[in-house]
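Student: Here it is, the structure in full.
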Amino acid sequence: MRAVGKRFSNGVTALERVDLTLREGDFLSLLGPSGCGKSTALRIVAGLSSPTTGLLDWRGPPLARTDIGFVFQEPTLMPWANVFDNVWLPLRLKGVSRKDATPAVSEMLERVHLTGFEDAVPRELSGGMKMRVSIARGLVTKPRVLLMDEPFAALDEITRFTLNADLLELWQDEQFTVIFVTHSVFESVFLSNRIVVMAARPGRVFGEVAVDAPYPRDEAFRTSPEYAALCRKTSDVLAGAMTAPALTKAGAFDGVH
Amino acid sequence: MASIDDSAPVPLDAEEMRRLRTAKLERIGKWAFPIAIMCAAIVAWDRIVVWNAIPHYILPRPQDVLQALIDDRVLLFSSLMTTLRITGLSLLLAVVGGVGLAVLFAQSKWVEMSFFPFAIVLQVTPIVAIFPLINIYVDNQMTKLLLCAWIVAFFPILSNTTLGLNSVDRNLRDLFRLNGATRWQELRYLRLPAAMPYFLGGLKIAGGLALIGAVVAEFVAGSAGQSSGLASRIIEAGYRLRTARLFAALILISLTGIVIFLVLSWISHMVLRRWHESAMKQER
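If you read the protein sequences in the order shown, they are chains W and L.
Take the first sequence: its letter number 96 is residue 96 in the numbering used here, and every next letter is one higher.
Adding 1000 to a residue's 1-based position in the second sequence gives its number in the numbering used here.
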């Protein structure tokens, strides 16, 4: 499965001629400053918005609706529904009954360590647990591509680290492809095998860093010299992206966040 | 941080003690004060009547009102039932109509923009002014009253539910789209549950308005005859200077309003208690 040559410029040029190739089994991070169009790119891949120019080109077996899982920045759970019903939702919308969905939902909840919380409603859960529910919901249809839009940005560091490790474990076991939008250098290096660095105004691909450290990666990897070197390399590319000349005519300042 | 390694239970400081005392006082005072004031008002009412020797047909003593409540209980009770029936039925129709229209409005911005002004016109025109028209077009007395109460009660439900149906988390909507949800699925699983708190808020207002609508309608229609709700008891008692009975009917209407409000608040609390902030007790 390959997504080749997406080119689009959207509205006020949120994205300009973005070429992105995704290979099956990739854990690809989109890294860049705010306003570089990472999220827009993700929404286009998801089919939530359409490109103004250019196209999505899927090679390999055609993608069905359920082949894409999406995890938002916030947990985005239905507050009135319990954990089980929230995870069941994507299957329910496909017409799978509660009974038929139970094995898949239970398995997913077990994978994200939430067995026993089926009947809890979101407000009774911590931020990290809500995000786990959200990930379980994204994966319950066994999608081939999981799109994640800064999913851990609002969590504290300890929770984030745990979820990073859990996500990697899931990814290795289930063999899906991930596009992970983030603005954290350290997170992207820890998780991905490829980092695409984007620049803002207009959003465009600035460079790519290959993270060739082997999986599985554990907490020890976070303190290894290899990790530090990769972070340095990625930071340099990102710094280049931040200072890259803006292609806009309007606006005296380039928002650097 | 400095650590306190004194294992003995720490006595409460003055501030905490004060807070405890205030909380206790508030718990009792919440009930005691309103009741005390109410009793004082009734005693004052009684004293004013006695000291000024006011005749009972101008202002009856509280015990006269109580007596009227007991003596006329059959008459008043059947009138109460009539008023309750109209209130309940019109509230039910207001729920059906309000929610139905709101769902219709939610289907398209254009429908909402085109038809909402009609709802507003109905709402802002005083029902007393519309009634003569209803009187011309509708024959059945019961239908007249129902229509009146409905016009007054349906608007808060309509406007609140419309607001609720339109205030769905954008990301959740994207999620539904992403999973190929049909319009009906989106309504059933996302928009209706999301609108629930708004709807229940509207329902609480509509409950009181339905009662007001039922009473006002009967007042306006009263001269036409055969109605038998609490409003006509009031008119009749007024004509015949049975002031105590008038008061008794008035008290029944107030009590009905209070009960309707409490019941609807309770329903709202039971429905929302698991997930909505409004139904939460202060925690943490």
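We put the CB at the ideal spot given by N, CA and C, even for glycine.
Here the structure is a predicted model, which means the values were calculated and not measured.
For R1191(L), which option in I1205(L), A1040(L), L1175(L), R1245(L) has the closest C-alpha, if you only look at C-alpha atoms?
Tutor: Cα-wise, what sits closest to R1191(L) is L1175(L).
Student: Does any CB atom of chain L fall closer than 8 angstroms to the CB of I179(W)?
Tutor: By this cut-off, I179(W) is not an interface position.
Student: Could you name the residues of chain W that N1166(L) contacts, counting a contact when the two beta carbons are closer than 7 angstroms?
Tutor: Residues of chain W passing the Cβ test: none, with the nearest at roughly 17 angstroms.
Student: Alpha carbon to alpha carbon, how far is A1195(L) from L1163(L)? Give it in angstroms, no decimals.
Tutor: Looking at the two C-alpha atoms, the distance is approximately 8 angstroms.
Student: Note down, in chain order, all residues in the stretch 107 to 129 of chain W with a beta-carbon under 8 angstroms from any beta-carbon belonging to chain L.
Tutor: Under the 8 angstroms Cβ criterion, the stretch 107 to 129 of chain W contributes V121, P122, R123.
Student: For the 8 angstroms Cβ check, are there 3 or more pairs between the stretch 21 to 39 of chain W and the stretch 183 to 202 of chain W?
Tutor: The stretch 21 to 39 of chain W, when compared against the stretch 183 to 202 of chain W, does touch it at the 8 angstroms Cβ threshold.
Student: Are the C-beta atoms of L28(W) and some chain L residue less than 8 angstroms apart?
Tutor: No, its Cβ sits nowhere closer than 8 angstroms to a Cβ of chain L.
Student: Using the three-state DSSP reduction, which class does M198(W) fall into: helix, strand or coil?
Tutor: Here M198(W) sits in strand by DSSP.
Student: Please state the DSSP three-state secondary structure of I68(W).
Tutor: In this structure, I68(W) counts as strand in the three-state DSSP scheme.
Student: For F1261(L), which of L1092(L), V1121(L), G1207(L), R1273(L) has the nearest alpha-carbon?
Tutor: Checking every option, the nearest Cα to that of F1261(L) belongs to G1207(L).
Student: Just to make sure I have the definition right: I need the residues of chain W whose C-beta is within less than 9 angstroms of the C-beta of F1286(L). Which are they?
Tutor: Any question about residue 1286(L) goes unanswered here, given that chain L covers just 1001 to 1284.
Student: How should N86(W) be labelled, buried or exposed, when 16 other C-beta atoms within 10 angstroms of its C-beta is the threshold for buried?
Tutor: Buried, by the Cβ-count rule.
Student: Taking the C-alpha atoms as reference points, what is the distance between P1193(L) and A154(W)?
Tutor: Cα-Cα distance, rounded: 26 angstroms.
Student: Whole angstroms is fine: what's the gap from W58(W)'s alpha carbon to A101(W)'s?
Tutor: Their backbone Cα atoms lie some 29 angstroms apart in a straight line.
Student: Please list, in chain order, all residues of the same chain as G1202(L) whose beta carbon is under 8 angstroms from its beta carbon, the five residues on each side excluded.
Tutor: Result list for G1202(L): G1098, P1156, I1157, L1158, S1159, N1160, T1161, in chain order.
Student: Work out the CA separation of R1019(L) and A41(W) for me, nearest whole Å.
Tutor: The alpha-carbon atoms of A41(W) and R1019(L) are separated by roughly 54 angstroms.
Student: Let's test the definition: count the other Cβ atoms within 10 Å of the Cβ of W80(W) and tell me whether it reaches 16, buried, or not, exposed.
Tutor: Per the 10 Å Cβ criterion, buried.
Student: Suppose you measure from the CA of D156(W) to the CA of G128(W); what does that come to, to the nearest Å?
Tutor: Cα to Cα, D156(W) sits roughly 8 angstroms from G128(W).
Student: When DSSP builds the beta bridges, which residues end up paired with G1207(L)?
Tutor: Per DSSP, none; premise fails for G1207(L).
Student: Please identify, using Cβ separations under 7 angstroms, the residues of the stretch 1149 to 1173 of chain L that lie next to chain W, in order along the chain.
Tutor: Those would be D1169, N1171, L1172, in chain order.
Student: What in chain L is Cβ-close to L48(W), meaning under 8 angstroms?
Tutor: Within chain L, the residues near L48(W) are D1174, R1177, L1178.
Student: Note down the Cα distance separating L1246(L) from I1234(L), rounded to an integer number of angstroms.
Tutor: Taking the straight line from one Cα to the other gives about 5 angstroms.
Student: Helix or strand or just coil, what does DSSP make of S1079(L)?
Tutor: Helix, per DSSP.
Student: Helix, strand or coil for D85(W)? Go by DSSP, reduced to three states.
Tutor: The answer is helix: DSSP assigns D85(W) an H, G or I state.
Student: Would you kindly report the start and end of the unbroken beta strand (DSSP E) that includes G207(W)?
Tutor: First-last of the beta strand (DSSP E) with G207(W): 204 to 210.
Student: Check whether the Cβ of F161(W) sits closer than 7 angstroms to any heavy atom of the ligand ADP, and report yes or no.
Tutor: The ligand ADP is absent from the structure shown, which contains no ligand whatsoever.
Student: Bridge partners for F1116(L) per DSSP, in chain order?
Tutor: Per DSSP, none; premise fails for F1116(L).
Student: Is there a C-beta anywhere in chain L that falls below 8 angstroms from the one on M78(W)?
Tutor: Taking Cβ atoms only, chain L reaches closer than 8 angstroms to M78(W), which makes this a yes.
Student: Can you list, in chain order, the residues of its chain with a C-beta nearer than 7 angstroms to that of S39(W)? Leave out the 5 residues immediately preceding and following it.
Tutor: Within the same chain, S39(W) has close Cβ partners D149, V181.
Student: Report the option in F176(W), L163(W), S126(W), S97(W) whose CA atom is closest to the CA atom of P143(W).
Tutor: Ranking F176(W), L163(W), S126(W), S97(W) by Cα distance to P143(W) puts F176(W) first.
Student: Report the start-end ranges of each alpha helix (DSSP H) in the stretch 1225 to 1263 of chain L that is 4 residues or longer and not cut off at the edges.
Tutor: Taking only runs of at least 4 residues, the alpha helix (DSSP H) segments lying wholly in the stretch 1225 to 1263 of chain L are 1230 to 1239.
Student: Cβ of F70(W) less than 8 angstroms from any chain L Cβ?
Tutor: For F70(W), the answer is yes, since a Cβ of chain L falls inside 8 angstroms of its Cβ.
Student: May I have the straight-line CA-CA distance separating L1050(L) from P1062(L), to the nearest angstrom?
Tutor: For the sequence presented, residue 1050(L) should be read as Val rather than Leu. Rounded to the nearest angstrom, the two C-alpha atoms are 11 angstroms apart.
Student: Using the beta-carbon count (16 or more within 10 Å), is F1295(L) buried or exposed?
Tutor: Residue 1295(L) falls outside the range modelled here, since chain L spans only 1001 to 1284, and no answer is possible.
Student: With burial defined as no fewer than 16 other Cβ atoms inside 10 Å of the residue's Cβ, what is the status of E1026(L): buried or exposed?
Tutor: Flag for E1026(L) reads exposed.
Student: Taking the alpha-carbon positions, what's the V178(W) to V133(W) distance?
Tutor: So the alpha carbons of these two residues sit roughly 18 angstroms apart.
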